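Below you'll find the structure, written out as structure tokens, and then a few comments.
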Amino acid sequence: MGSLLRALNVSHVLPAPDQAAVCSPEALHVDGGHVKLSFMDALFVDRVPMQRLFFYEGPGVPPFPSLSSLAAVLAVFHPLAGKLTYRASTGDVVVDCTPAAVAPGVRFVEAEYPDSIDDMRRLAVGDEHHTEALMLLGPELNAGRLPAPVLAVQVTRPAIGVPKADEVACKFLRTIAPALPVARSPSLYTPPDQRRRSFLLRADDIKPVKQLILAQSKAIGELMDTHPSTYVAVSSLVWTSIVRAKCLDPAADAYLLVPVDLRRRLGPPIDERYFGNCVVPCFARAAVRDLRDGGARLARAAAAIGAAVRAHLGDPLGGAERWLERFLAAPREVHLHGVVEPVHGTDFGWGAPSRVELVSLFTRELVLLLGAAEDGGVQVTVALDHAHMEGFAANLLRVSGEDLNGWKSC
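Going by UniProt numbering, the sequence shown opens with residue 1, and the numbers climb by one from there.
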């Protein structure tokens, strides 16, 4: 497999000047040309830029897209065209949306993958991640020092096997890297003893997990108020699978960091054009022995996750002044990222992506949940130490000693 991409063209895209007035939603007014980061943004300000890959393949995919759509989006979500910077006068980190900051435009790279369509296809469909190769497919975002760009975009196509006469048959990747506000950029290098894999769980596979949670809850006398959600069911299965794969002290506690989405819980409601963070990290805690209990582990995990989430929903901003302190002091165990968001529905005009991956990792152990292309399904991407991955995979595919028919890798 080749090691370098060839940049075919690098351009810079500015917000469309006449687009904001006709778009829905209307462009958000930026007071004074600066957007101050919220305290929720502060929780993530020192994390790596978030690189998300969208894989597309099919007869409707053009060789490279028109830049007009990106220009139109930037007109509505104007801060994405700005620069993250530090204002010495106030001591704040802000997104600078002034004309001078926006003037360079968003960097747009058209690149060529050094190998064939088949090589790229294997990269896109394999359950075992080739992390270094995946990272090549995302644009470089110079976020090591301020001011730093908020967004970069890259489109990559294979070098071999692209018909020259038939542009419609060209197959390529759409890679978008919206950056969480970043003050420093740790290396994206994956440790040699870490593995990343993706699994696809269909709606029919999640249903028996929900049923087991209900049955186990009844058996231990902890009846649930509501039917377990897809998020709770998959999170419980993932958490117990990780705990069972590790040699942990049964008397110790296990932790799972769960992001709680507050967009629908605040008043007044968050504007739909808001592009910053609106999540708070909370920690589910349970005894290791309870998460290994074959007759009740899913119910125990679901109860712990539900309790952690409910603690924040009752008073969404309660104790906000201590969130960062608690986040930094919390045990560095598994981080669960995502709320089963339907990113596979992202359509740039040539249909849904065949796969979506988050390349950047901000912690050593991470679980990413994404709404799958199949209705009601969930894509589970996991980063774990090499020694634990096989045990995790085996446990993930097993519920109370019974294999789930229909489970498959992405």
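Think of the CB as a built atom: it goes at the ideal place given N, C-alpha and C, for glycine as much as any other residue. The structure displayed is predicted, hence computed values, not measured ones.
CB contact flag (residue i, residue j, <8 Å)
| i | j | result |
| --- | --- | --- |
| Cys97 | Val45 | no |
| Met40 | Cys282 | no |
| Ala302 | Ile213 | yes |
| Leu146 | Leu80 | no |
| Ala203 | Gly377 | yes |
| Gln51 | Ala111 | no |
| Arg265 | Pro316 | yes |
| Pro259 | Phe55 | no |
| Gly276 | Leu37 | yes |
| Leu43 | Leu368 | no |
| His388 | Lys246 | yes |
| Gln194 | Arg364 | yes |
Buried versus exposed, by CB contacts within 10 Å (16 or more), residue i
| i | result |
| --- | --- |
| Pro269 | exposed |
| Leu358 | buried |
| Arg6 | exposed |
| Pro158 | buried |
| His227 | exposed |
| Pro17 | exposed |
| Ala251 | exposed |
| Val10 | exposed |
| His386 | exposed |
| Lys218 | exposed |
Rounded C-alpha distance that separates residue i from residue j
| i | j | result |
| --- | --- | --- |
| Leu366 | Arg355 | 18 Å |
| Val234 | Glu140 | 33 Å |
| Pro99 | Ser89 | 20 Å |
| residue 498 | Lys207 | Absent from the structure is residue 498, since the part of the chain shown begins at 1 and ends at 410. |
| Arg244 | Gly295 | 14 Å |
| Ala143 | Pro49 | 7 Å |
| Val288 | Asn395 | 15 Å |
| Asp92 | Tyr274 | 19 Å |
| Leu256 | Ala286 | 9 Å |
| Gly196 | Leu384 | Note on residue identity: the sequence assigns Arg, not Gly, to residue 196. Looking at the two C-alpha atoms, the distance is approximately 7 Å. |
| Leu8 | Tyr113 | 10 Å |
| Leu134 | Val73 | 26 Å |
| Leu397 | Asp293 | 17 Å |
| Arg107 | Ala152 | 5 Å |
| Glu222 | His312 | 21 Å |
| Asp118 | Ala329 | 46 Å |
| Ser198 | Ile242 | 14 Å |
Residues that DSSP places opposite residue i in a beta bridge
| i | result |
| --- | --- |
| Gly371 | Val378 |
| Asn9 | Glu110 |
| Lys83 | Asp96 and Pro149 |
| His34 | Asp96 |
| Ala287 | Asp253 |
| Ala303 | Ala303 pairs with nothing; no bridge assigned. |
| Ala383 | Arg196 and Leu366 |
| Leu358 | Arg52 |
Inter-residue CB distance, residue i and residue j (contact presumed, cutoff 8 Å)
| i | j | result |
| --- | --- | --- |
| Val150 | Gly82 | 6 Å |
| Leu291 | Thr230 | Actually they do not touch by this definition, with Cβ atoms about 20 Å apart. |
| Val380 | Phe392 | In fact, because the Cβ distance is near 10 Å, the residues do not count as touching under 8 Å. |
| Glu284 | Ala308 | According to the sequence displayed, residue 284 carries Ala and not Glu. Indeed, because the Cβ distance is near 4 Å, the residues count as touching under 8 Å. |
| Leu53 | Gly105 | So it is not a contact: roughly 22 Å between Cβ atoms. |
| Ala75 | Pro15 | 4 Å |
| Leu298 | Leu237 | 7 Å |
| Ile305 | Val232 | 6 Å |
Residue i Cβ short of 7 Å to the ligand SAH heavy atom set
| i | result |
| --- | --- |
| Thr98 | The ligand content of the structure shown is nil, which means the ligand SAH is not present either. |
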